[in-house]
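Reviewing the structure listed below.
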Ligand code: GLC
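Numbering (the numbering used here), first residue to last: 537 to 959.
Have a look at this one:
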């Protein structure tokens, strides 16, 4: 059966369920971040569901920054806004937003076993499945094959090698008139993306996970200090000074126009980098992020997005049907093919079409399975505040406002105070 036929079968089944319950066609409002070409992809991929159910989907685009998006979600949910039916939610927000979402355990009972259990667990709060897995995320070190080859450099395994190679190629290329080239771009803005980057630096320097799974605060230590000092050394040398305001899309902008040797970014940038009109098409590949050498190992922060149904939606039945559809293998396969987003459905990692079109996906299965979670589980409803204190301390350090040691010491005292008797 063709994918379109399979979609049609699935959505026909959904449509008859709706018809059987006497529901009439409704407009479902889906809110989503607008990173890369996400909105265009979703607009296309919800069409078979719209056709089969007679319902329409209106996509409400949000800023690309997950931090800005979260702020808007909180306002809407606090006001019990009935206008948004379906929310795409970052993997870290489940404990904070759980009370506003419908329990999907029963509706999804048949499909839950198809997904990675760790993702289902991350979206389960007090026994309630607050969101369905949509895609998972783990970052890569993007590198320019052509530039590494030209300058006789190999793919760096350590941050030190990355720094040296980036600087060497940047200097040589600028000497040849390639004045806009930078060595390394990443996400240095003061937001959740910096928390992801800095957790990777610290963990890969052997400096722990900021807050351990049991809630112990461990961020102020020598290896964490070294990690942040290393990153601070990049700003204005191999990374543009403007990196301090970069989110994913600004980094990709520099990279995709051909102006960076290395970039830290999520898999979505793989699909866009290889798209028809991309100047870096076929000129790059991906590798795991570097480690600090010795007995340290590379660290990738666990990301990902899920689909939740608002308790305040007047169209819950249709909203649940759409959420199930967006979490389905049919949707996720197309999403992987079009956007290189990592599926949450285990079987799709063996899908030959996906492997052929987006080879990063099967390669990234292990990286995702070993990815480091942010401390959203131990800090529960305090996570956003914890993360914002962390990214602020890191941003100050990168900007040269206080040393890494000073900023991390203050942060640890602050987090200890916040924790008090528990999170
Ligand atoms: C990606 C990840 C998400 C993370 C965000 C940070 O969207 O999937 O989990 O919070 O980047 O910018």
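We put the beta carbon where it would ideally sit given N, CA and C, even for glycine.
Exercise. Excluding the 5 residues preceding and the 5 following residue 594 in the sequence, name in chain order all residues of the same chain whose CB lies nearer than 8 Å to its CB.
Key: Around residue 594: 563, 564, 565, 566.
Quiz item: What separation, rounded to the nearest whole angstrom, lies between the Cα atoms of residue 879 and residue 720?
Solution: Cα to Cα, residue 879 sits roughly 28 Å from residue 720.
Quiz item: Excluding the five sequence neighbours on either side, which residues of its own chain have a C-beta within less than 6 Å of the C-beta of residue 940, listed in chain order?
Solution: The answer, listed in chain order, is 761, 764, 765, 933.
Quiz item: So what does DSSP say about residue 597, is it helix, strand or coil?
Solution: Strand.
Quiz item: In this structure, what does DSSP give as the bridge partners for residue 569?
Solution: Per DSSP, 598.
Practice problem: Report the residue from 648, 600, 635, 728 whose alpha carbon sits nearest the alpha carbon of residue 922. | Solution: With distances taken between Cα atoms, residue 922 lies closest to 728.
Quiz item: By the 10 Å Cβ neighbour count, where 16 or more other Cβ atoms means buried, how is residue 953 classified, buried or exposed?
Solution: That one is exposed.
Quiz item: Taking only runs of the alpha helix (DSSP H) that begin and end inside the segment 884-948, which ones reach a length of at least 4 residues, in chain order?
Solution: Within the segment 884-948, the alpha helix (DSSP H) runs of at least 4 residues that lie entirely inside it are, in chain order, 888-893, 896-899, 901-905, 912-915, 919-934.
Quiz prompt | Residue(s) in a DSSP beta bridge with residue 800 | solution = By DSSP's assignment, residue 800 forms a beta bridge with 677.
Self-check item: Distance, residue 900 Cα to residue 694 Cα
Solution: CA-CA distance, residue 694 to residue 900, rounds to 19 Å.
Self-check item: Closer than 8 Å: residue 727 CB and nearest ligand 1 heavy atom
Solution: Yes; taking the cut-off as 8 Å, the Cβ of residue 727 has a heavy atom of ligand 1 nearer than that.
Quiz item: Do residue 784 and ligand 1 come close, with the Cβ less than 8 Å from some heavy atom?
Solution: Yes, the beta carbon of residue 784 sits closer than 8 Å to at least one heavy atom of ligand 1.
Quiz item: Would residue 616 be called buried (16 or more neighbouring beta carbons within 10 Å of its own) or exposed?
Solution: Per the 10 Å Cβ criterion, exposed.
Quiz item: For residue 636, which option in 886, 907, 896, 609 has the closest C-alpha, if you only look at C-alpha atoms?
Solution: Comparing Cα positions, the closest option is 609.
Quiz prompt | the segment 807-816 contacting the segment 597-607, beta-carbon criterion three pairs below 8 Å | solution = Contact check between the segment 807-816 and the segment 597-607: fewer than three CB pairs, one atom from each, fall below 8 Å, which does not count as touching.
Quiz item: Are the Cβ atoms of residue 917 and residue 959 separated by less than 9 Å?
Solution: Yes, the pair counts as a contact, with Cβ atoms nearer than the cut-off.
Practice problem: Return yes when at least one heavy atom of ligand 1 lies under 8 Å from the C-beta of residue 724, else no. | Solution: Within the chosen limit of 8 Å, ligand 1 does not reach the beta carbon of residue 724 with any heavy atom.
Self-check item: Close-in-space but distant-in-sequence residues of the same chain around residue 658 (CB under 7 Å, 5 per side omitted)
Solution: Same-chain partners within the cutoff: 627, 630.
Quiz prompt | Opening and closing residue of the alpha helix (DSSP H) in which residue 620 lies | solution = For residue 620, no alpha helix (DSSP H) run applies, since DSSP gives it neither H nor E.
Exercise. Please classify residue 834: is it buried, with 16 or more other beta-carbons within 10 angstroms of its beta-carbon, or exposed?
Key: Here residue 834 is buried. Its C-beta has 16 or more other C-beta atoms within 10 Å.
Quiz item: Under 9 Å, do residue 674 and residue 838 count as touching if we go by C-beta distance?
Solution: Pairing residue 674 with residue 838 gives a Cβ-Cβ distance under 9 Å.
Quiz item: How is the beta strand (DSSP E) around residue 759 delimited, first residue to last?
Solution: Where residue 759 is concerned, there is no enclosing beta strand (DSSP E), although the alpha helix (DSSP H) it sits in stretches over 758-770.
Quiz item: In the DSSP assignment, what are the bridge partners of residue 823?
Solution: BP columns for residue 823 point to 677.
Exercise. Take the Cβ of residue 951 as the centre, count every other Cβ of all protein chains shown within 10 Å, and call the residue buried at 16 or more, exposed below.
Key: Residue 951 sits buried, since 16 or more C-beta atoms from the chains shown fall within 10 Å of its C-beta.
Exercise. State the Cα-Cα distance for the pair residue 864 and residue 938, rounded to the nearest angstrom.
Key: Spanning the two alpha carbons is a distance of roughly 48 Å.
Quiz item: Which residues mark the beginning and the end of the beta strand (DSSP E) in which residue 841 is found?
Solution: Taken as a continuous stretch (DSSP letters only), the beta strand (DSSP E) holding residue 841 covers 839-845.
Quiz prompt | Euclidean distance between Cα positions of residue 786 and residue 749 | solution = In this model, residue 786 and residue 749 are separated by some 32 Å (Cα to Cα).
Quiz prompt | Per-residue DSSP class, three states only, for residue 881 | solution = Of the three classes helix, strand and coil, the one that applies to residue 881 here is strand, per DSSP.
Exercise. Please confirm if the segment 575-595 is in contact with the segment 882-896, defined as three or more CB-CB distances below 8 Å between the two stretches.
Key: In short, these stretches do not touch, since the Cβ pair count stays below three.
Quiz item: How big is the Cα-Cα spacing for residue 843 and residue 935?
Solution: Cα to Cα, residue 843 sits roughly 36 Å from residue 935.
Quiz item: What whole-angstrom Cβ distance do residue 805 and residue 919 have, given they're in contact under 8 Å?
Solution: Contact between residue 805 and residue 919 does not hold, since their C-beta atoms are separated by about 26 Å, which reaches or exceeds 8 Å.
Self-check item: Selection from 568, 621, 612, 579 that minimises the alpha carbon distance to residue 600
Solution: Residue 600 has its Cα closest to that of 568, out of 568, 621, 612, 579.
Quiz item: Tell me which same chain residues have a C-beta within less than 6 Å of the C-beta of residue 744, skipping the five on either side of it?
Solution: Once the five neighbours on either side are set aside, the close Cβ partners of residue 744 are 754.
Practice problem: Using only the heavy atoms of ligand 1, determine whether one of them is closer than 8 Å to the beta carbon of residue 627. | Solution: It does: the Cβ of residue 627 is within 8 Å (strictly closer) of some heavy atom of ligand 1.
Self-check item: Length of the line joining the Cα atoms of residue 845 and residue 885
Solution: Spanning the two alpha carbons is a distance of roughly 27 Å.
Quiz prompt | Distance cut-off 8 Å: residue 737 Cβ against heavy atoms of ligand 1 | solution = Incorrect: residue 737 has no Cβ contact closer than 8 Å to ligand 1.
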